[in-house]
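So the protein lines, in turn, are chains A and B. Using my numbering, read the first sequence as starting at 246 and increasing by one per residue. Using my numbering, read the second sequence as starting at 17 and increasing by one per residue.
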Amino acid sequence: MNRTVITVIGKDTVGIIAAVCSYLADNNVNILDITQTTIREYFNMMMIVDINNCNVPFSELRDGLTAVGNSLGLEIKCQKEEIFNQMHRI
Amino acid sequence: MLNLSEVLETNKMIDQEHLDVRTITMGISLLDCSTESVLQTCQNIYDKIVRYASNLVRTGEAISQEYGIPIVNKRISITPAAIVGASCCKTTHDFVKIARTLDRAAHDVGVNFIGGYSATVQKGMTRADELLIRSIPEAMKRTELVCSSVNVGSTKTGINMDAVRLMGDVVKETAEATKDSGSLGCAKLVVFCNAPDDNPFMAGAFHGVSEAEAIINVGVSGPGVVKHVLENLPEGTNFEVLCETIKKTAFKITRVGQLVAQEASRRLGVPFGIIDLSLAPTPAIGDSVADILQAIGLERTGAPGTTAALALLNDQVKKGGVMASSYVGGLSGAFIPVSEDQGMIDAVNAGALTIEKLEAMTCVCSVGLDMIAIPGDTPATTIAGIIADEAAIGMVNQKTTAVRVIPVIGKGVGEVVEFGGLLGHAPIMPVNPFACDTFVNRGGRIPAPIHSFKN
């Protein structure tokens, strides 16, 4: 298991989850959990994914997600989960 | 399981509040590089640095990308060069050759700075120590990435006033030698009392002789994060809540540093040394220790209450950070450099902050009078007096203190010097015009204080 957190932030529009999920599926990334809220047209989503069997190196996955984000006017980040666990869990 | 608000909080710290890991510094022992030939010693130094550090920058960048946390600097610290060069360097020019070798190695491995062009002379100077110190102006002129430090005092040994007096001249000569670039050489030269062996921050980093073959030390940062949480507290929040808030924030910041340090250590196959818990500001707006002091309740840094506010800030940062890391060391405290902190610059320009107040502040934080531009015509003896005062504070209070002042040749009070990058810009600050020549010219040592005799 190689858990990675993907965050998507931006103005809500049709097809955000579909676009991100299909990109992940194309690269053989398994989605473990999705949390999502929309506050005043502002879309916030966090996905926890397993990139153990991902087809491409981490840097390529990250750049690909950034490109998906740019095409929809969103900011998409892809970070290894440990940074959040370290900061928020003892 | 993580929740969305925690993830967003971390990313907000990174994106909006300047959270970063300030430096991964690899300490490398060069003790085994000494030979009786300058040429051979330089070759050994170059080979060893490149062998150990060739992957340092690449590894730092990979960690930065995978965790989404900026790692601003990758640096190297080495065994004090006065020791490494002691058996072969017979002139100051020989030592400059070592400096140039360090500079070439640093450029070739791609690090931002290399520290350790240093001498530790708190009790006395060997011939090599003195040669290295006298070579500093030329070394700072002929190199770009080499940082130099000299430890002139300690709580256990007292203050070597001969070295203090000499450093007054060396600072002045370094300013003169680099006057074409705003006396920038002095920004890479720091005079210490109680210098730590494992400091990852420049200009004072060196790899002490008690350290292992190689080690990874990490300096965290995050004044912007602390400032932001304090600004979001309800008005009139009492000290208990204020201190708890700083402590919790320091814990979170330090945990990121611990993660990066462990990961860098694992990937590079070099043991993890320490995390330095310092709050290190940058010239970026909002990434300022002075702004934190203002968020605590001061109109300007330098106002009455500043020393107390800084003392509590420094203490809470340590209390939060200590639990977040397995090994803490280095300087660990709040830095109060003037040129690297826009809030400090503003305070100086507003007339709120003077060198004398900064000196008082150094009693309760790390490290000392840092990145302070002074008039270019300040006498060497006055600079030695400033160094002696800071060293005395360090010696008596059993803490690290330092002086990194820049007598900017050709400029006077009211003018501004521009260094660029992390070093920022600084207004020239007035120095007390009364002389201390008779005092600093006495020669010899100030004995160790009574409370150093603990055996």
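Even glycine gets a Cβ: it sits at the ideal position worked out from N, Cα and C.
Considered as a whole, the region 106-183 of chain B harbours 129-136, 162-170 and 174-176 as its complete beta strand (DSSP E) runs of no fewer than 3 residues, in chain order.
For B:F288, the enclosing beta strand (DSSP E) covers residues F288 to D292.
B:S281 sits in a helix when the DSSP states are folded into three classes. Scanning A:Q331, A:V274 and A:A312 for the CA closest to the CA of A:N297 turns up A:V274.
For A:E327, a Cβ of chain B is located within less than 7 angstroms of the residue's own Cβ. Taking the Cβ atoms as the reference, B:I262 lies roughly 6 angstroms from B:V242, within the contact range of under 8 angstroms. Inclusion of B:T95 and B:H223 in the CB contact set at 7 angstroms is warranted, their separation being smaller than that value. Under the DSSP assignment, A:T249 falls in the beta strand (DSSP E) whose first and last residues are R248 to K256.
Residue nearest to B:S50 within the set B:N60, B:S199, B:M42 and B:V380 is B:N60 (criterion: CA-CA distance).
B:H441 is a Cβ neighbour of B:V432, given a cutoff of 7 angstroms.
The DSSP-derived three-state label of B:K427 is coil. Distances from the CA of B:G349 to each of B:F217, B:N176 and B:S93 were compared; the closest alpha carbon is that of B:F217.
Each residue's CA atom was taken as its position, placing B:D405 and B:K64 some 38 angstroms apart. The beta carbon of A:L317 sits closer than 8 angstroms to those of G255, T258, G260, I261 and A264, all from its chain and outside the five residues before and after it, given in chain order. Using a 10 angstroms sphere on the CB of A:K322, the tally of other CB atoms reaches 16 or more, which defines it as buried. In the three-state reduction of the DSSP assignment, A:R307 falls in the helix class, which pools H, G and I. With distances taken between CA atoms, B:A179 lies nearest to B:A407 out of B:Y62, B:A407, B:G428 and B:I92. The Cβ neighbour count for B:N19, taken over all protein chains shown within 10 Å, is under 16; the residue is labelled exposed.
By the beta-carbon neighbour count (other beta carbons within 10 angstroms, threshold 16), B:Q358 is buried. When 9 angstroms is used as the limit between beta carbons, A:M246 is near no residue of chain B, the shortest such separation being about 14 angstroms. Contact residues of the region 302-316 of chain A toward chain B are F303, S304 and R307 (C-beta to C-beta distance below 8 angstroms). Judged by beta-carbon spacing, B:A311 lies beyond the 7 angstroms limit of B:M360, meaning their Cβ atoms are not closer than that value. Check the Cα spacing between B:G289 and each of B:T270, B:I231 and B:L326: the tightest is with B:I231. If you draw a straight line from the Cα of B:A325 to the Cα of B:N167, it is about 29 angstroms long. Between the region 281-296 of chain A and the region 246-254 of chain A there are three or more inter-stretch CB-CB distances shorter than 8 angstroms, so the stretches are counted as touching.
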